[in-house]
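Residue numbering for the sequence shown follows UniProt numbering, beginning at 1 and increasing consecutively.
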Amino acid sequence: MTIIASAPGKVILFGEHAVVHGSHAVAAALSSLRVFARLEPRSDNRVRIELLDLGVWWEDETSALGITRARGEAPEPPPSSKKPNGRALELARRLEAPLVAVAYLCAELCDAEGATLAVKSGGLPAGAGLGSSAAVAVACAAALCVGATGALRKDVANAWAFAAEVVQHGRPSGLDNALSCYGGGVVAVRRGAGLERNTLEIPPLKLLITNTRVARSTKELVAKVAAEFEAAPGPVRRLFDAIDTIALDFASACRENRVATPFVARLVRLNHALLRALGASHPALEAVADMATEAGAPATKLTGAGGGGCAITLLHDAEGIEIADDKVRRLVQKLRRRGFDCYQTDLGGPGVRCYDDDDDDEPPGATPFDDDDDDKKKNGSSRPHSSSLAVMVAAVVLLLSFALLKNRAGSAAR
């Protein structure tokens, strides 16, 4: 039985930087930008992981991962500790970084007969600050949980995804995986060492996400804003308080079902201006905002740490009317000519989804695996993996070496 799960990315809508200093932040799932995981059972006692977008794969015997659970036997419950266990630490020593979290989930949730777990993006870019690693963890955890128990329990999948994020990142907040698992939105505030989260029903809003592809260090940007706060605590605290008010006003409007698009657009513009005052913007982000305004979409802000990275643009004009498709198309073309990447998506929406080939219902739309399957059908076989290529290269080198030696022997004889 093949199982496919998908999980969305996330975006911070309001509250960047200020949330680090005790203010509220609002974040939401990106239901149209997802990661897919496909689980196929095996019976040869091997586990294989394929990260198709990266061209990375890994395979080993289930015994090498310490997997002893029989098929049909329930796995252990998710760990309560926020520290990686010995198995996770061993995998981290053995494997490339992108494989560690997925291999950890396989080691904990696969059975001894084995499985192949393939991962592929369904539009969610990696490394753009949009929660791609958490989406991978949630999609894989969901597929493996369904494979192990026959049912999807989101609380269990979320707990396993968080455990995988701990293995991958050390001290995650848990916000990214929770949004990816449950969808919708959250309003969050730091309480002591943790993050208090409350769910938020966010109305559907059309967004354009622009990745400026300007590299930045979140750690350095957070430190930069913290230094500004230390140097001028009074004025910077007032900026934080204004950002806090924006996040809380939006959350209140959502709860009272009175979210009007012009109101959201005003909050987006104000939040970006405050973040710019904190020194978190970048010329590339300002260029995105200027081009969007020229196209009739006046509400753009940075999302995440800033200093590059991504901007979000509300695809509505000043009166709240959705911008025509041809205008959006021209804006996207203009942004791409600048070297930026663009993604249209809906704000909020469903979290993790899972289905198998025994379901009566078909998945909603094609999955990114369908393209790979079509390629295999056209070519008559799958593309060679790293191991196959290594064998082919070795054979060619051996033949060339043999021919060279033969030529040298012939020359010596003459």
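Positions of the beta carbon are idealized from the N, C-alpha and C atoms, including for glycine.
Proximity to residue i [Cα-Cα], best of the options
i	options	result
Glu-108	Thr-62, Leu-124, Ser-121	Thr-62
Ser-31	Cys-354, Gly-348, Asp-356, Asp-370	Gly-348
Gly-147	Leu-65, Ala-5, Leu-302	Ala-5
residue 492	Leu-13, Ala-27, Gly-170	Only positions 1 to 414 of the chain appear in the structure, and residue 492 is not among them; the question remains open.
Thr-245	Lys-10, Val-19, Ile-3	Val-19
Arg-46	Leu-54, Glu-59, Val-35	Glu-59
Asn-177	Ala-265, Arg-190, Val-11	Val-11
Leu-175	Asn-198, Lys-154, Arg-216, Arg-276	Asn-198
Asp-370	Val-225, Arg-42, Gly-122	Gly-122
Ala-260	Ala-318, Cys-354, Arg-94, Ala-27	Ala-318
Glu-322	Arg-353, Val-100, Pro-262, Leu-335	Pro-262
Leu-239	Glu-73, Ala-226, Phe-250	Ala-226
His-282	Ser-217, Ser-80, Arg-93	Ser-217
Ser-43	Arg-276, Arg-71, Cys-106	Arg-71
Gly-66	Cys-106, Pro-98, Glu-73, Gly-192	Cys-106
Arg-276	Asn-257, Glu-256, Val-236, Ser-252	Val-236
Pro-203	Gly-192, Phe-229, Ser-252, Pro-172	Ser-252
Met-291	Ala-324, Asn-257, Val-332, Glu-256	Val-332
Contact check, residue i vs residue j, beta carbons under 8 Å
i	j	result
Leu-200	Gly-185	yes
Gly-306	Glu-16	yes
Ala-115	Leu-39	yes
Ala-37	Ala-128	no
residue 428	Ala-29	Past the edges of the chain, shown from 1 to 414, lies residue 428, and the structure says nothing about it.
Ala-112	Thr-149	no
Leu-52	Val-102	no
Phe-340	Asn-211	yes
Pro-78	Ala-143	no
Ala-88	Val-167	yes
Leu-221	His-24	no
Val-56	Glu-90	no
Lys-206	Asp-346	yes
Cys-310	Leu-130	yes
Ala-64	Tyr-104	no
Leu-285	Leu-302	yes
Leu-33	Tyr-343	yes
Thr-2	Asp-356	yes
Ser-133	Pro-125	no
Val-187	Gly-308	no
Arg-195	Ala-27	The sequence shown places Leu at residue 195, not Arg. Contact flag unset, no.
Val-264	Leu-314	yes
Ala-232	Leu-274	no
Leu-208	Val-328	yes
Inter-residue CB distance, residue i and residue j (contact presumed, cutoff 8 Å)
i	j	result
Pro-8	Ala-135	6 Å
Ile-312	Thr-293	Actually they are not in contact, since the Cβ atoms of Ile-312 and Thr-293 sit about 14 Å apart, beyond 8 Å.
His-272	Ala-289	7 Å
residue 424	Pro-298	Limits of the chain in this structure are 1 at one end and 414 at the other, which puts residue 424 out of reach.
Arg-190	Gly-22	6 Å
Cys-181	Lys-154	5 Å
Ala-287	Arg-338	7 Å
Helix, strand or coil at residue i [DSSP, three-state]
i	result
residue 438	Examination of residue 438 is not possible in this model, given that the chain is present from 1 through 414 alone.
Ser-6	strand
Gly-214	Sequence check: residue 214 is Val here, not Gly. Looking at Val-214 - three-state DSSP - the assignment turns out to be coil, as it is neither helix nor strand.
Gly-351	coil
Glu-230	helix
Gly-72	coil
Ser-43	coil
Lys-83	coil
Ile-12	strand
Glu-50	strand
Asn-271	helix
Ala-260	coil
Arg-197	strand
Leu-335	helix
Thr-345	strand
Phe-36	strand
residue 419	Outside the displayed span of the chain (1 to 414) sits residue 419, for which this structure offers no information.
Ile-67	coil
Leu-208	strand
Glu-220	helix
Leu-99	helix
Near the ligand GDP: residue i beta-carbon under 7 Å from a heavy atom
i	result
Lys-206	This structure lacks the ligand GDP, and indeed carries no ligand of any kind.
Quick one: complete alpha helix (DSSP H) runs, 4+ long, within the segment 278–329?
283–294
Just to confirm the assignment: which complete beta strand (DSSP E) runs, minimum length 3, are found wholly within the UniProt domain "GHMP kinase N-terminal" (101–184)?
114–122
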